[in-house]
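Here is the structure we will look at.
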Amino acid sequence: MIEMPLEEIFKKADIVFYGKVESINSFWEDGNIYTNVNFKVFEVIKGEAKEYFNLKVMGGTVGEITQVVEDVPFFSKEEEAVLFLEDGNLVGQFQGKISVYENFVYIKGKKFHLNDFIDSLKKNLKDPNHPIFSYLIKTKPKVVNFNGGKRYFSSNLSNATAIIFTAGWEGEVDYDGDGYKQYSKLYWDTDVSDRKSTLNVYEKIYWRVSGDTQWVLLYQTEVRTIKSNDPDGVSISIEGAEHGLYDFKIEVFREGQNTFDDYMDPSNNSEISGYKFEKKEEDLDGSGAVIVEITPDRASAGTDSEIKIKGIGFEDTQGQGKVEFFYQYGEPLIKGSVNSWSNESIMCEVPIGIINKYAASASSGPVKVTTNSLIESNEYDFRVTFSYGRVKWSGTNPVVNFYVGENISNWTDAISKAGSTWSKEANFTLSYAGTTSNTNVSRNNKNEIMFSKLGSNTIGQASYWSSGTKMEECDLVLNSDMKWSTEDSTPSGYFDVETITLHEMGHWLNLRDLYGNYGDGEYDMAKVMYGFGSTGKNKRNLHRDDRDGIIYIYGASIPPESSFNYEPKLIYVGDEVSFYSSSKYNPSQWWWDFGDGETSAVQNPKHKFYSSGVHKVKLLTSNSYGTSEITKNVVVLPKTKIPNLNSPKNFNYIIPASAKAFGQNQTNWLTDLSILNQNSEAIYVYAFFLMSGGDNTYANGIEILIPSLKMQKFSDVLYNLFSQSNNFGGIYFTSDSNFFISSRTYNDLGDEGTYGQFIPPINLDNFLKENEEGYLLNLIQNKNFRTNVGFVNFSSVVSNFNLNFYKEGGILIGTIPLSLKPFSHIQLLSPIASLTNEEVENCYAVISQITPSTRITGYASIVDNNSSDPIFVPMKKIEEIEGRKHQIVPVIAKAKGAYGTDWRSDLKIFNPYQAQNILFKFYTPNGVYEATKTINQNSLISYNDIVSSLFPSAPENVSGSLHIYTDNGLFLTSRTYNFVEGKTYGQFIPGVG
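Just so you know, this note's numbering puts 351 at position 16 of the sequence shown, and the rest follows in order with no gaps.
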């Protein structure tokens, strides 16, 4: 069908009248069903017509058989319409019929009074240069200027620039009997791309309208989400306005500088004097229906697809309420079947139906709600993917044979390609079966494609006969009055045979036309099933929505296509969120990863997020033909106010090292985290990522909710909690209530397993300050092991300090001066190698000369070069060991374990005091074994495989606890590990006591 402007339809028509259907009669004639429609003429607008006019159209129902002819409208008794006729036929098929409902007509889905429409046609008849409906509003509020920049909000009225557009009526003043009527219309600003950075999602935005009437309504809207299609706007309602043109000024007000009452009463604020408002409580309460969101934002029609319409003011019960979808040019909206209705939410199906006895369907375009009190909402954009009329060919894999007219047999290849394009997508086949001599449509048990005259505005026309939901037969006529081409590039003025045949064969599948035109070049214009065609263009490939249509009807042997939605869209920490798989092509399995370490294998799971921030939620679906996955960012908002780094709460800890990064020797480092709440009430913990190398003064924190007596686990925390990739640093935690925390950073080798290290939290009180020193022990730099060191500055200023490395006996290897930015982290890779080329077996480091008013902590990570297994060594302070004459290493071993493991333990001891004696006692199930040693000041002793080296009389396969007695105290570290083919995999175990 060629789309025609209303002015062209009116110009081409020789008769135009407004009337009502008195009777209809359907009958068989020459193998087709025809319908005689007898009109009573109320008013002749153009040409001449008698009191009654008979219109004959192809299509109708006789007995159990229905014949549908695409683009030809049906009629019903008592129906009213304005008809545009040429030589007794409708101009432009359905375009030549404008239905009338309760004195209103619908143009492009918009509702206008019949008197206005007829009056506008008469003016065009007198002056062809006068466009029909010239006064219709085609613009909407766009921008206001604020401090010279492009902004959508103004802090006060003096900064707001007027936005002028016209509204009014043309016609006789007294047509409705009282000289005036109420006029209501919604205007919405839907482009928020330029104000995302300035919009506070909790802020109430007020819009004010003033003009040359004495009554205006101020509408209040509360912004809840930030998306490109969120309607944030103003509802204008004018009462008592006479016919004419009116100018309105639309301005916006942001709550904060003035109160709402100040804003409504100009006498309270000099900035807004001179504007006249009438304060009405029902208006200030936000009365009226407003759609704020539709989910999903696109769906198919005729497939029982359900959408959720969210908003305010829908009223509690449906009653006379309805939901209407855009259908097509010159026709009313099409009503959707409502499944549930409340004041803020409506569940509705995307409709198909019969409008004026025509096979109608929702198309991409505005959706509108009308309440039980007959209050109309704003229009909200919605996209229809495809429309199915629910009639299909029988069988699980039907083969539909078709015949091509002898007079177009040279087009057989192009026509067959169109059939193949549909056939390859689903369990359905359109198959060329030969030629036919027929040139006229008729029911003859053959599906035929013919070439004959159809008039000046019909390109091609499909007809089909059905019984109930069973497709019986189809025909297709290509219009011989048009110019046609089969070339790869269609010349101007010619229609492409394959393109038009592809569209009309879609009707053979009972896919319906779609008429939406958003101006985006896609919905619905890019689809094969878009109802209008044009010359000089090829459309030989199916749009994804066309493809989904045939697959929905007949199925396909293809992998699924994952997609999902979730409710609510505004999510706070601890809220329950419902996830819905909207995946296509019959998935049989679902696997969800919620981006916080939790997963589910349920199709439509419910989940609670216990931390704020952006969570990357992934859905993987599968069937017997393959798998598919999709990831969406789900934003979770905090319920409480997050403190800043300069305002620590009562309990403060830092995990000094965490990672989501690739390291040396193809390592892949990740960090997992657990937080325990042993309180009788839920607590909030706030976490900040201290990125390595950066100034993190203004780091954004996240909120974590820990229920009472529960432990929350978070996997891959830098990615799942902080949206970090290929990064590392420290993590700071603070809370008003006590909590316990632990972490593990490990090398993830996939199927081979993980090799990592428990990293304990460091209390903020244990950080080093001015005049204090910290020790890092157990450091090694040789061919088998390397040492990395890291530091965290938890101060609002730069911290400078020295890192001194010593060998056995306190011999200085070298000093590295360091400087850390505020609230920063740094990690040095193999720093010992930067000071000496020698292999260093026993080494320690001292952190000293810290900048006043700053505090830092440090750690070492010793990595086995052969296995990439790390050993985490925390920083120690002298006061931690002073006077601790008895320390315990909970476990050491020289034993064989499960799965062929071979366990042993190493011990390193450092003495910062004068020489002292050491007594070792090894408690085992076989008895107690003892050894004594003397250690000099600043000496570092290493016992590799301590059971063999210190307790040779102990059994070979033994484990137990090691007790160490000294004169004053000393630093000790141990590591118990599995030794496999020269590689070690183990765990740092500190001394306690």
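Every residue, glycine too, gets a C-beta built ideally from N, C-alpha and C.
When the options are compared against residue i, the one with the closest alpha-carbon
| i | options | result |
| --- | --- | --- |
| Val-407 | Ile-750, Arg-778 and Gly-866 | Gly-866 |
| Glu-437 | Ile-1227, Leu-449 and Val-376 | Leu-449 |
| Asp-1241 | Glu-1143, Leu-1044, Asp-365 and Leu-1307 | Leu-1307 |
| Ile-400 | Gly-1145, Leu-877 and Glu-807 | Glu-807 |
| Gly-1098 | Leu-709, Leu-1111, Ile-893 and Phe-1075 | Here the sequence assigns Asn to residue 1098, which means Gly is not the residue at that position. Looking at the Cα atoms, Phe-1075 is the closest of the given residues. |
| Lys-643 | Lys-670, Glu-684 and Leu-418 | Glu-684 |
| Phe-1129 | Asn-1123, Pro-1187, Leu-1138 and Ile-1094 | Pro-1187 |
| Phe-830 | Lys-874, Phe-409, Arg-882 and Leu-420 | Lys-874 |
| Glu-711 | Phe-717, Pro-686, Lys-759 and Phe-649 | Phe-649 |
| Gly-395 | Asn-900, Val-812 and Ile-368 | Ile-368 |
| Asn-1101 | Phe-1245, Thr-1080, Glu-1214 and Asn-1003 | Glu-1214 |
| Phe-1057 | Asp-1086, Ser-1043, Ile-1041 and Asp-1007 | Asp-1007 |
| Asn-1106 | Arg-1121, Phe-1136 and Phe-1120 | Phe-1136 |
| Thr-630 | Tyr-767, Gln-1251, Lys-788 and Val-702 | Val-702 |
| Gly-382 | Val-351, Phe-661 and His-950 | Val-351 |
| Lys-457 | Tyr-353, Phe-410 and Tyr-907 | Tyr-353 |
| Gln-1222 | Ser-827, Trp-1238, Phe-1257 and Thr-1192 | Phe-1257 |
| Gln-1249 | Ile-743, Asn-1271, Arg-1310 and Ile-1299 | Asn-1271 |
Nearest-angstrom beta carbon gap, residue j and residue i [assumed within contact, 8 Å]
| i | j | result |
| --- | --- | --- |
| Tyr-1090 | Ser-923 | In fact, because the Cβ distance is near 36 Å, the residues do not count as touching under 8 Å. |
| Phe-439 | Phe-447 | 7 Å |
| Ile-442 | Leu-341 | 7 Å |
| Ile-1227 | Gly-1295 | 7 Å |
| Ser-699 | Asp-881 | No, Ser-699 and Asp-881 are not in contact; Cβ-Cβ is about 14 Å, not under 8 Å. |
| Val-863 | Leu-837 | 6 Å |
| Gly-1218 | Gly-1109 | Gly-1218 to Gly-1109, Cβ: 19 Å. No contact. |
For residue i, the three-state DSSP class (helix, strand or coil)
| i | result |
| --- | --- |
| Ala-1228 | strand |
| Thr-1150 | strand |
| Arg-882 | helix |
| Val-908 | coil |
| Met-682 | strand |
| Glu-1107 | coil |
| Ala-1017 | coil |
| Ser-280 | Outside the shown range of the chain, which is 336 to 1328, sits residue 280, and nothing can be said about it. |
| Glu-1265 | strand |
| Leu-1331 | The question about residue 1331 has no answer, for the chain in this structure spans 336 to 1328. |
| Val-937 | coil |
| Asp-928 | strand |
| Phe-1024 | strand |
| Asn-674 | strand |
| Ile-1197 | strand |
| His-465 | coil |
| Ala-636 | strand |
| Tyr-889 | helix |
| Ser-1274 | strand |
| Glu-808 | strand |
| Asp-1086 | helix |
| Tyr-1234 | helix |
| Lys-1329 | The requested residue 1329 is not part of the displayed model; the chain covers only 336 to 1328. |
| Asp-1100 | helix |
| Phe-595 | Its pLDDT being 37, under 50, Phe-595 is placed unreliably in this model, and the value from its coordinates should be taken loosely. It is helical. |
| Glu-414 | coil |
Per DSSP, the bridge partner or partners of residue i
| i | result |
| --- | --- |
| His-1221 | Tyr-1300 |
| Lys-1048 | Ser-1009 |
| Thr-1192 | Val-1127 |
| Lys-1318 | Val-1315 |
| Phe-914 | Tyr-901 |
| Met-393 | Tyr-369 |
| Gly-1295 | Ile-1227 |
| Tyr-865 | Leu-849 |
| His-942 | Val-912 |
| Tyr-1081 | Leu-1005 and Gly-1091 |
| Ala-624 | Answer is none; Ala-624 lacks a bridge partner. |
Quiz item: Which runs of the alpha helix (DSSP H), 4 residues or longer, sit entirely within the stretch 705-789?
Solution: Runs of the alpha helix (DSSP H) inside the stretch 705-789: 747-758.
Quiz prompt | Runs of beta strand (DSSP E) wholly within the stretch 947-993 (minimum 3 residues, chain order) | solution = Listed in chain order, the beta strand (DSSP E) elements of length 3 or more contained wholly in the stretch 947-993 are 948-958 and 961-972.
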